[in-house]
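Here's the structure, in structure tokens; my notes come after.
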Amino acid sequence: MGLERLEEVRRAFLADLEAAGRDPEAVEKLRIRYAGRKSGLLLELTAALKTLPPEAKRDYGRALNELKKLVEGKLKEAAAAAKAAGGGGRAAGEIDITLPGRPLPRGAEHPVHLVRRRIESIFLRMGYSVEDGPEVEDDWHNFEALNMPPDHPARDDQDTFYLAGGRLLRTHTSPVQTRVMERSEPPIRIIVPGRVYRRDSDLRHSPMFHQIEGLVVDEGITFGNLKAALETFLHELFSGVDVRFRPSYFPFTEPSAEVDITCIFCGGTGCGVCSRSGWIEILGSGMVDPRVFEKVGIDPERYTGFAFGLGLDRVAMLLYGIPDLRLLFSGDQRLTRQFA
Ligand code: DAH
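Everything in the sequence shown is counted per our numbering, starting at 4 for the first residue and increasing by one.
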């Protein structure tokens, strides 16, 4: 009894404290064992005071008070540390797998991607397959094989990003036509969605945008087939519109046609979107020029074909009423979230 006992309890407490670490449960047990109101060790030690001879009481009392202060102080510290360590009734480092998960915000598909998938599914049902090609191209595939030699004025329309070593960022998805025709035999029936690049940037132009290309090559393909395919496609994509073909020019098709639909905002009566014309231009198309066939090694006497190309971003803007092209590439989730 006496001072030795106090010292014994002090040491035991410090050892137990060390063992409890930051585990809230262990800290609480420690508190009950030493400072519990009903049967804590400190209570017991206080009660022992009475049994001491009067001359021993003073020193014992002082030592006991010190011990109480120490225990209470350390317990407070330990409880705070346990709480800071994440507590919640588990030891440090342990994971409570019964806790409900934190909900993650649900993502949404980008409108351009949505349009791409819609267009792909229409053509897949018509028996086309989806092809892909490089975004870093060479002059041959992007221009030359498409009947645009170096001095061809049509190159002016496509402000090109040139890279070192004569490479360039493809200015349209048409080079994939060239690649597929070089490596395969007709019949060919493909669509090619992808990114394209031009040095152009304003309300309606972005240096990177998306196109989808189409190519059909076989014996006996006519302009009638072109018309049927594109009318079917456009009626599926924009229900209830009229479609018209306008003569046009592309170096890689002959004859060529641009295709318009009646304005989906005013129904053809004329509004701001269609510049009061009632029509909206949607795509370029034409019969593959025999010179292109020659360049890629397909016999133009035996085969004919048609091709077309359209801008995906423009279609997304029309279908979803998006007013500014740059919104599509801003990365702003307030836009994409609307498509969840
Ligand atoms: N490559 C053309 C452009 O970027 C679009 C195009 C027009 C593609 C007519 C074609 C086509 O395949 O036949 O403006």
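C-beta atoms are modelled at their ideal positions from N, C-alpha and C, and glycine is treated no differently.
Which of helix, strand or coil DSSP assigns to residue i
| i | result |
| --- | --- |
| M290 | strand |
| F126 | helix |
| H213 | strand |
| R201 | coil |
| P108 | coil |
| L349 | In the structure as shown, the chain starts at 4 and stops at 343, and residue 349 therefore has no counterpart that could be examined. |
| L172 | strand |
| D221 | strand |
| Y165 | strand |
| P114 | helix |
| P196 | strand |
| E297 | helix |
| V133 | strand |
| E97 | coil |
| E284 | strand |
| F268 | coil |
| F342 | helix |
| L102 | coil |
Residue i CB to nearest heavy atom of the ligand DAH below 7 angstroms
| i | result |
| --- | --- |
| G308 | no |
| G287 | yes |
| E297 | no |
| G312 | yes |
| F253 | yes |
| H175 | yes |
| E138 | no |
| Q336 | no |
| E216 | yes |
| T256 | yes |
Span of the beta strand (DSSP E), counted from its first residue to its last, around residue i
| i | result |
| --- | --- |
| T381 | In the structure as shown, the chain begins at 4 and stops at 343. Residue 381 is therefore absent and cannot be evaluated. |
| D19 | Premise fails: D19 lies in the alpha helix (DSSP H), 6-23, not in any beta strand (DSSP E). |
| D141 | 139-141 |
Where the alpha helix (DSSP H) containing residue i begins and where it ends
| i | result |
| --- | --- |
| A310 | Per DSSP, A310 belongs to no alpha helix (DSSP H); it is in the beta strand (DSSP E), 307-314. |
| P57 | 57-87 |
| R247 | Run containing R247: none in the alpha helix (DSSP H); it sits in the beta strand (DSSP E), 246-253. |
| Q374 | Residue 374 is absent from the model: the chain starts at 4 and stops at 343. |
| E188 | No alpha helix (DSSP H) holds E188; DSSP gives it neither H nor E. |
| N228 | 226-240 |
| E47 | 44-51 |
| Y37 | 27-38 |
| L331 | 328-331 |
Contacting residues, own chain, Cβ-Cβ under 8 angstroms from residue i (five flanking each side not counted)
| i | result |
| --- | --- |
| E239 | I125 |
| C274 | C266, F268 |
| E35 | First, the residue type needs correcting, since residue 35 is Ile and not Glu in the sequence shown. Counting only Cβ-Cβ distances below 8 angstroms, and skipping sequence neighbours, we find G43. |
| I283 | D263, I264, T265, C266, I267, V276, C277, L321 |
| D302 | F296 |
| R158 | F146, M151 |
| L330 | L338 |
| D46 | Asp is not the amino acid found at residue 46; the sequence shown has Leu there. These residues qualify, in order along the chain: G39, R40. |
Spatial neighbours of residue i in its chain, beta-carbon cut-off 6 angstroms, leaving aside the 5 residues before and after
| i | result |
| --- | --- |
| G324 | none |
| V30 | A23, A81, A82, A85 |
Cβ neighbours of residue i in the same chain (closer than 7 angstroms, five flanking residues each side left out)
| i | result |
| --- | --- |
| L20 | L33, K77, A81 |
| P75 | Reading the sequence as shown, one finds Glu at residue 75 and not Pro. For E75, where only same-chain residues beyond five positions count, the Cβ hits under 7 angstroms are A38. |
| I224 | T307, G308, F309 |
| F342 | A111, E112, P114, L117 |
| R249 | A260, E261, D263 |
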